[in-house]
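Notes to accompany the following structure.
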DNA sequence: CTTACTGTACCGTCTGGACGGTATTATCAA
DNA sequence: TTGATAATACCGTCCAGACGGTACAGTAAG
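Protein chains in written order, with the numbering used here: chain A, 204 to 381; chain B, 204 to 381.
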């Protein structure tokens, strides 16, 4: 009963992300998502009654997944590792993935710019938290912004850094973070 | 003969940027741009025969303006200042502006993701150039990425850094860049 | 009888852009 | 000088197609 529902839901969400990545943020139509997910349009609208709800689910899933991964990285990380270092390491892993996992964001803000607000507030909280946990403000600023830059380049599909350069960057950031 | 009326072109370009920033990337319609620019739709399509041409002009203007500003910053900058430092300083100034000067980018990639390619190749060239001019690769990587992060936050309208924190970040980056 | 869909048919709105005007200015012949 | 012609820079309307969303009848599983 629940398995089938959850399955469709996730298939649709994944399909939406795929369509956005492959055919561009402006081509994320309900028809395209439905056919990609192997679901009828009626079925899509049964799971997500409006396009906005679909986008919202994308945002919420993304945020909660990141949150969970961060919590895991903090506890399972190398002992003695600072929270900032854990954040760097986690974000670096995410940026390493070839698929820009979050390019649907462009579709979301094209649909309605307000979809950025939960993301922004999530980020703000995260930064404030790191600020409280990191003694060296300058190190935090440099590392946090550099990671943000990495995230941005991944999002835009930029590949101006070689894998080696990325590794050097991360190790440097980890040194700065102590 | 040409210049007098041709200020329509600039008015339209400015209007497009304004509309994109204020009403969101998904609401950048030709009608909206035309009325904002104080021009009829016919007049708009006279200056830019398709929406894609309008976007292209936005991209090209942006890139050439940045290029020019960079050249100027390099020659007019403090003597003995490294090219990387000049880049940092210039980008910091741009990021300081309250208006995210480039939020039309979202509209452009919604229209057609290929609009990113000229931007990406511009960035790649810039990075390669800085790489040739900067002895310390680690410093370049950290500074370049941090600046990219700043640009990204400005683009998304994120304001999690206070003005003071931004200043501290920039001065730290300039120190790293030597 | 409910849940979770499928499938089709349909509707209203929005949008890009084609098109046929129009007013102003430039070119040039008589 | 003048008058015709043509190019420029724009206006305003109209239309075809795409898209979000609705409605509804059917169905297979539990």
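Every residue gets a Cβ at the ideal spot worked out from N, C-alpha and C, and that includes glycine.
Small disclaimer: the values here were computed from a predicted structure and weren't measured.
| field | DSSP-derived helix/strand/coil call for residue 352 of chain A | value | helix
| said: Would residue 257 of chain A and residue 337 of chain A qualify as a contact pair, given that the criterion is a beta-carbon distance under 7 angstroms? | reply: Taking 7 angstroms as the cut-off, the Cβ atoms of residue 257 of chain A and residue 337 of chain A do not count as close.
| Every unbroken alpha helix (DSSP H) inside the region 331–375 of chain B [4 residues or more] | 340–358
| First and last residue of the alpha helix (DSSP H) that includes residue 310 of chain B? | 307–314
| request: Ignore the nearest five residues each way along the sequence and tell me which others in residue 314 of chain B's own chain have a CB closer than 6 angstroms to its CB. | output: In chain order, 258 place their CB closer than 6 angstroms to the CB of residue 314 of chain B, counting only its own chain and leaving out the 5 sequence neighbours on each side.
| message | With the cut-off set at 7 angstroms, would you say residue 380 of chain A and residue 304 of chain A are in Cβ contact? | response | no
| Taking only beta-carbon atoms, is residue 336 of chain B less than 7 angstroms away from chain A? | no
| message | Can you pull out the residues from the region 345–363 of chain A whose beta carbon lies closer than 9 angstroms to at least one beta carbon of chain B? | response | 345, 346, 347, 348, 349, 350, 351, 352, 353, 354, 355, 356, 358, 359, 360, 361, 362, 363
| message | Using a Cβ distance threshold of 8 angstroms, determine whether the region 233–245 of chain A contacts the region 290–307 of chain A, with at least three qualifying pairs required. | response | no
| field | Spatial distance of residue 349 of chain A from residue 378 of chain B (CA atoms) | value | If you take the alpha carbons of residue 349 of chain A and residue 378 of chain B, they lie about 16 angstroms apart.
| Who are the Cβ neighbours of residue 182 of chain B in its own chain at under 6 angstroms, not counting the five residues just before and after it? | Here chain B comprises residues numbered 204 to 381, so residue 182 of chain B is not present and cannot be evaluated.
| task | Answer with buried or exposed for residue 268 of chain B, where buried requires no fewer than 16 other C-beta atoms within 10 angstroms of its C-beta. | result | exposed
| field | Residue range of the unbroken alpha helix (DSSP H) whose run includes residue 289 of chain A | value | 286–299
| task | List the residues of chain A that residue 383 of chain B touches, going by C-beta distances under 7 angstroms, in chain order. | result | Shown here, chain B extends from 204 to 381; a query on residue 383 of chain B therefore has no answer.
| request: Tell me, please, whether the region 321–337 of chain B touches the region 361–375 of chain A by the rule of three or more beta-carbon pairs shorter than 8 angstroms. | output: yes
| field | Identity of the residue in A/226, A/252, A/264, A/225 nearest residue 216 of chain A by Cα | value | A/264
| CB residue 344 of chain A to CB residue 333 of chain B, shorter than 7 angstroms? | no
| field | Extent of the continuous alpha helix (DSSP H) run through residue 236 of chain B | value | 233–240 is the span of the alpha helix (DSSP H), which, as asked, contains residue 236 of chain B.
| request: Flag this pair as yes or no: are the beta carbons of residue 289 of chain A and residue 280 of chain A separated by less than 7 angstroms? | output: Less than 7 angstroms separates the beta-carbon of residue 289 of chain A from that of residue 280 of chain A.
| said: Can you find the residues in the same chain that come closer than 7 angstroms, C-beta to C-beta, to residue 262 of chain B, ignoring five residues on each side of it along the sequence? | reply: 311, 318, 321, 322
| field | Short-range partners of chain B found in the region 211–229 of chain A, where Cβ spacing is below 9 angstroms | value | Those would be 226, 227, 228, 229, in chain order.
| message | Rounding to the nearest angstrom, what Cα-Cα distance links residue 276 of chain A and residue 266 of chain A in this structure? | response | Spanning the two alpha carbons is a distance of roughly 15 angstroms.
| task | Leaving aside the five residues before and after residue 255 of chain B along the sequence, list all residues of the same chain whose C-beta is less than 7 angstroms from its C-beta, in chain order. | result | Within its own chain, the residues whose Cβ lies closer than 7 angstroms to the Cβ of residue 255 of chain B, once the five positions on either side in sequence are excluded, are 314, 315, listed in chain order.
| task | Check whether the Cβ of residue 223 of chain B sits closer than 6 angstroms to any heavy atom of the ligand SAH, and report yes or no. | result | The ligand SAH is absent from the structure shown, which contains no ligand whatsoever.
| task | With a threshold of 16 other CB atoms inside 10 Å of the CB of residue 253 of chain A, please say whether the residue is buried or exposed. | result | exposed
| query | Excluding five sequence neighbours on each side, which residues of the same chain lie with their C-beta closer than 8 angstroms to the C-beta of residue 293 of chain A? | reply | 272, 273, 276
| message | Let me confirm a value: residue 296 of chain B is counted as buried when at least 16 other C-beta atoms fall within 10 Å, else exposed. Which label applies? | response | So residue 296 of chain B ends up on the exposed side.
| Shortest alpha-carbon distance to residue 353 of chain B belongs to which of B/368, B/340, B/270? | B/368
| said: Quick check: the Cα distance between residue 235 of chain B and residue 357 of chain A, rounded to an integer number of angstroms? | reply: The straight-line gap separating the alpha-carbon atoms of residue 235 of chain B and residue 357 of chain A is approximately 32 angstroms.
| Where residue 251 of chain B sits in the DSSP three-state scheme | coil
| Is the shortest distance between the beta-carbon of residue 256 of chain A and the beta-carbons of chain B less than 7 angstroms? | no
| query | Sorted by chain position, which residues of the same chain lie with C-beta nearer than 8 angstroms to residue 226 of chain B's C-beta, five sequence neighbours on each side aside? | reply | 235
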